[in-house]
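Written out below as C-alpha cells is the structure these notes cover.
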Amino acid sequence: MRVYHIALPHDISAWIRYLPRVISILSPRIIFLETGIPIPEYTIKQLESLFESVSKGLPPEYLIRYVKEKRLPGGEYFSIVSRCLYLSGKSVILERVPKECQEYTSRGIDYWNRAIRMFFRKKFKEAAENVRNCLREILESTAIRDKSISGFIKDLNEDVTLLLGAAHSPEIRGISKWYPKEFEIDLEYLQEQKKLIKKDDMELALKMILVDIASLKIPFRVAWKKICSISSEDLMNFCEFVSKNEHRASQAALEWLSRI
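Everything in the sequence shown is counted per the working numbering, starting at 16 for the first residue and increasing by one.
Quick look at the structure:
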C-alpha cells in the first residue's frame with residue numbers, strides 16, 4: 016500500500032497553481048480529502064457521489080453549487096479539488112471527523128476570537144496567552160483526527176493520496192510526504208506553533224495575530240516572512256499601529272509592512 020500525504024498550503028491561490036500537477040503525477044486512484052469539521056453522513060455521501068460524477072465528466076459547477084447551497088465550510092477548497100478531478104477517473108473519500116473534535120475546535124476558535132479582541136484593546140499579554148490556548152485546542156483536535164484517519168486508511172488497504180494540512184501526521188507505515196519547496200514556510204510556521212505551546216513567547220504569539228490580519232491583503236507566506244524579520248521594538252510599534260486601526264486593520268498592516 017502506497018500513501019502520499021500532500022501537505023496543503025495556507026494560500027488558496029497556491030492550491031490553484033500546484034494541485035492539478037500533483038493529482039496528475041500521482042498514481043493512486045483514491046484521494047482522501049480532509050473536511051476539518053464533523054459533517055452529516057448523508058451530506059458526505061452526497062459530496063462523494065458528486066466528486067465521483069465529476070471525475071467521470073459531470074461539470075464541476077454542479078458540485079460547487081451543492082457546496083454553496085449547503086453552506087459548507089471550505090467550499091473554495093472543494094471547488095478547486097473538483098475542477099482538478101474533472102475527467103480524471105479518480106475517486107474521493109471525505110474525512111469523517113470524530114464528533115469530539117468539534118469541542119476542541121470550538122474552544123480553539125473562542126480562544127482565537129478572544130485573542131483578537133484583546134489585541135485591539137492593546138492587552139497584548141492576554142492576547143498572546145489566548146493564542147497559546149487556541150493552538151493547544153486545535154492541535155489536540157488534529158491529533159484525534161490523525162488517529163481516526165490512520166485507522167480508516169489502514170482498513171482501506173489501498174493506495175491513496177491524502178490531501179491534508181501540514182499539521183497532520185497520520186501514523187501509516189510507508190507514508191510519503193510531498194511538499195513543494197516554495198511552501199516550506201508553512202512547515203516553519205507549524206514548528207513555531209508547536210514551539211509556542213511549550214514556551215511562553217508573547218512576541219511570537221503577536222506575530223501570529225499580525226500574520227492572520229495581514230494575510231487578508233497579501234499571501235500568507237509573504238506576511239509571515241516579513242513579520243518574522245521585524246525587531247522587538249518595531250514589532251510593538253507595529254502592534255500599536257494596527258490595534259488603533261481596528262476597522263481597517265488588514266489595510267493598516269499592509270501599509271506598515273510596505274515600509275520594510
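Note that the Cβ used here is the ideal one computed from N, Cα and C, for glycine as well.
Along the segment 156-234, the alpha helix (DSSP H) occurs as fully enclosed runs of 4 or more residues at 199-213, 217-229, listed in sequence order. Per the C-alpha coordinates, the member of H262, L269, L23 positioned closest to T50 is L23. In the structure shown, the three-state DSSP call for Y19 is strand.
Residue environment analysis places L102 among the exposed positions, since fewer than 16 neighbouring C-beta atoms fall within 10 angstroms of its C-beta. For a cut-off of 8 angstroms, the C-beta gap from I228 to S265 is around 5 angstroms, short enough to register as a contact. In the displayed model, S246 falls within coil according to three-state DSSP, outside both helix and strand. Beta-bridge annotation (DSSP): I108 is paired with F47. The alpha-carbon separation between K162 and E186 amounts to approximately 7 angstroms. Distance from the CA of E261 to the CA of F135, rounded to the nearest whole angstrom, comes to 6 angstroms. Short of 8 angstroms from the beta carbon of I27, and not among the five residues preceding or following it, lie these beta carbons of its own chain, in chain order: E91, Y92, I95. Distance check between S246 and each of S70, K222, S258 places K222 closest, using alpha-carbon atoms only.
In the same chain as T157, and ignoring 5 residues on each side of it, the C-beta atoms closer than 7 angstroms to its own belong to A182, H183, in chain order. The C-beta of E173 has fewer than 16 other C-beta atoms within 10 Å across all chains shown, which makes the residue exposed. In the displayed model, Y101 falls within coil according to three-state DSSP, outside both helix and strand. Ranked by Cα distance from G123, the options M133, N145, K138, E110 are led by N145.
Shown here, K259 sits in coil according to DSSP, grouped into three states, outside any helix or strand. For D26, no alpha helix (DSSP H) segment is defined, and its DSSP state is neither H nor E. In this chain, L73 is not harboured by any alpha helix (DSSP H), its DSSP state being neither H nor E. The Cβ atoms of V112 and E63 lie no closer than 8 angstroms to each other.
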